[in-house]
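**Student:**
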Amino acid sequence: KSYVAAGFKKIHLDCSMSCQDDPIPLTDDIVAERAARLAKVAEETCLEHFGEADLEYVIGTEVPVPGGAHETLSELAVTTPDAARATLEAHRHAFEKQGLNAIWPRIIALVVQPGVEFDHTNVIDYQPAKASALSQMVEKLRNADFRSALYRLSNAAIAAPAGD
Numbered sequence: 002k003s004y005v006a007a008g009f010k011k012i013h014l015d016c017s018m019s020c021q022d023d024p025i026p027l028t029d030d031i032v033a034e035r036a037a038r039l040a041k042v043a044e045e046t047c048l049e050h051f052g053e054a055d056l057e058y059v060i061g062t063e064v065p066v067p068g069g070a071h072e073t074l075s076e077l078a079v080t081t082p083d084a085a086r087a088t089l090e091a092h093r094h095a096f097e098k099q100g101l102n103a104i105w106p107r108i109i110a111l112v113v114q115p116g117v118e119f120d121h122t123n124v125i126d127y128q129p130a131k132a133s134a135l136s137q138m139v140e141k142l143r144n145a146d147f148r149s150a151l152y153r154l155s156n157a158a159i160a161a162p163a164g165d
């Protein structure tokens, strides 16, 4: 509420951290349901303070730990297209259950792991070939499934030419 009331317009709905008695890791459905509840509060707060709801949202759970990984990394698993689609569908379903269909076009990004990260001593360089399937999925989403919204999944994933 406070961020929206202060005028922030792009809200990252990251509900991927487990709470006290939650399973680890959380399922896409739990994460999406919590994100939808947060979005509903954000929309209500925006309407209350500004008379209109014009927020944009980032969804997804492939978020690096603030400050980078706490353990030494040597390799990363790139988000698979199936995992990205499952995250999108779980969020779409959760938003529908909260009556938030109208805000779906304002979801501007899905956070994924394109295969680049840093830890306390190393940087894992981006390897475009490892993200080519994800890049192809992004292009298909742009061109077919989600015409009402442009998904900027990751600059690295989008920019990676297939087969590089």
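Under this note's numbering, the first residue of the sequence shown is numbered 2, with each subsequent residue one higher.
Where is the CB? At the ideal position from N, CA and C, for every residue including glycine.
Where does V139 land, buried or exposed, given buried means 16+ other C-beta within 10 angstroms?
**Tutor:** In the sequence shown, counting from the first residue as 1, residue 139 sits at position 138. The residue is buried, with at least 16 neighbouring Cβ atoms inside 10 Å.
**Student:** Using the Cβ count rule (16 or more neighbours within 10 Å means buried), how would you classify H92?
**Tutor:** In the sequence shown, the residue the question calls residue 92 occupies position 91. By the 10 Å Cβ count, H92 comes out buried.
**Student:** So is Q21 buried or exposed if we call it buried at 16+ other beta carbons inside 10 Å?
**Tutor:** Stepping through the sequence shown from its first residue, residue 21 is reached at position 20. Looking at its Cβ environment, which holds fewer than 16 other Cβ atoms inside 10 Å, Q21 is exposed.
**Student:** Tell me whether D55 is buried or exposed, calling it buried when 16 or more other Cβ atoms sit within 10 Å of its Cβ.
**Tutor:** For the purposes of this step, residue 55 is identified with residue 54 of the sequence shown, where counting begins at 1. Exposed, since its Cβ has fewer than 16 Cβ neighbours within 10 Å.
**Student:** Of the residues E76, A7 and K41, which one's Cα is nearest the Cα of L14?
**Tutor:** The sequence position of residue 14 within the sequence shown is 13, counting from 1. Closest by alpha carbon: K41.
**Student:** Quick check: the Cα distance between Q99 and T81, rounded to an integer number of angstroms?
**Tutor:** As a first step, residue 99 is located in the sequence shown; it is residue number 98 there, counting from the start. As a first step, residue 81 is located in the sequence shown; it is residue number 80 there, counting from the start. If I take the Cα positions, the gap works out to 27 angstroms.
**Student:** For the alpha helix (DSSP H) containing A7, name the first residue and the last one.
**Tutor:** Residue numbering aside, residue 7 sits at position 6 when the sequence shown is read from its first letter. Neither: A7 is in no alpha helix (DSSP H) and is coded neither H nor E.
**Student:** Closest by CA to A84, which one among A134, G8, K10 and Y4?
**Tutor:** Locating residue 84 in the sequence shown gives position 83, where the first residue counts as 1. It is A134 whose Cα lies nearest to the Cα of A84.
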